[in-house]
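A.B. asks:
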Amino acid sequence: MSPALGYGISALAAYLAGSIPCSLLLARYGKGIDLRQHGSGNVGATNVARTMGWGWGSVALALDALKGLLPTLYIPELILMSNESHTHQMVLCGLMAIIGHTFPVWLKFKGGKGVATALGVATVLSWKAIIFACVVFLTVFAARRIVSLASILAVSSFTVAVLYMSWPTPFTAQGWSLSAFAIAAPGLIVLRHTSNIRRLLRGEERALRVETPAEK
1438 MSPALGYGIS
1448 ALAAYLAGSI
1458 PCSLLLARYG
1468 KGIDLRQHGS
1478 GNVGATNVAR
1488 TMGWGWGSVA
1498 LALDALKGLL
1508 PTLYIPELIL
1518 MSNESHTHQM
1528 VLCGLMAIIG
1538 HTFPVWLKFK
1548 GGKGVATALG
1558 VATVLSWKAI
1568 IFACVVFLTV
1578 FAARRIVSLA
1588 SILAVSSFTV
1598 AVLYMSWPTP
1608 FTAQGWSLSA
1618 FAIAAPGLIV
1628 LRHTSNIRRL
1638 LRGEERALRV
1648 ETPAEK
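Each number in my numbering comes from the position in the sequence shown (counting from 1) with 1437 added on.
1) Does DSSP put V1541 in a helix, a strand or coil?
2) Can you check which of these residues, H1523, A1499 and G1624, is closest to L1510 by C-alpha distance?
3) From which residue to which residue does the alpha helix (DSSP H) around W1604 run?
4) What's the gap between the Cα of L1628 and the Cα of H1538?
5) Which residues in the same chain as L1600 place their Cβ atom closer than 7 angstroms to its Cβ, once the five residues preceding and following it in sequence are excluded?
6) Using only alpha-carbon positions, find the residue among A1621, A1441, S1594 and E1642 that is nearest to I1516.
7) Should K1653 go down as buried or exposed, given a rule of 16 or more other Cβ atoms within 10 Å for buried?
8) Within 10 Å of its beta-carbon, does A1644 have 16 or more other beta-carbons around it, so buried, or fewer, so exposed?
9) Given a cut-off of 7 angstroms on the beta-carbon distance, is the pair T1554 and I1567 in contact?
10) Below 8 angstroms on the Cβ atoms is my contact criterion, and I expect T1483 with H1475 to pass it. Report the Cβ-Cβ distance as a whole number of Å.
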């Protein structure tokens, strides 16, 4: 298999894996509801938590993270079968998994925000940076209870952490792809939060309120 074909197949496989609408399927088969018609209408883990409770939301978060982690970790080995360091291949697969989640072919390219899937990808690519980002997320969420704000600041802090750890040479031959990922993936996620940013600026973004069984 030529390298170009291997990269192409890997990218497609990762995209299709990321496109699996885990939260939508979980809501449909777990509670018999269409997630797009409840809560915020988003097909991500946050809306599962909002409409079905913390337990279901945690399962959705784990599934969305796994569909980023597993393609990043295994597709380069299964398809490219490279014995060399394959950071570039892993970055490609990780980014395509996130794109698959945000623009899934199965849902007419209307997907989630990409945060949970990016969590899985980033855990493979830079676990130190993702720990820092998770601390930022938890701190902001604990203070404000606004998932969008916590997510935006967390992914931005991931970018800062990756570039800081690779400074002063973040774009070397071996490390440029990780640095590029640390800019591109958070950039995509922030763009997916455009409507949330507008509401934040207007002071209209609501804090997360999870329904309890008694309220349903």
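Yeah, the Cβ is synthetic: ideal placement off N, Cα and C, and Gly gets one too.
C.D. replies: Looking at the atomic coordinates:
1) The sequence shown places Pro at residue 1541, not Val. P1541 falls in the coil class under three-state DSSP.
2) H1523
3) Here W1604 belongs to no alpha helix (DSSP H), and DSSP marks it neither H nor E.
4) 14 angstroms
5) P1607, S1616 and A1619
6) A1441
7) For K1653, the pLDDT reaches just 45, beneath the cut-off of 50, and the residue's location in the model is therefore unreliable, although a value from the coordinates is still provided. Exposed: under 16 other Cβ atoms inside 10 Å.
8) exposed
9) no
10) Contact flag wrong, Cβ pair sits at about 12 angstroms.
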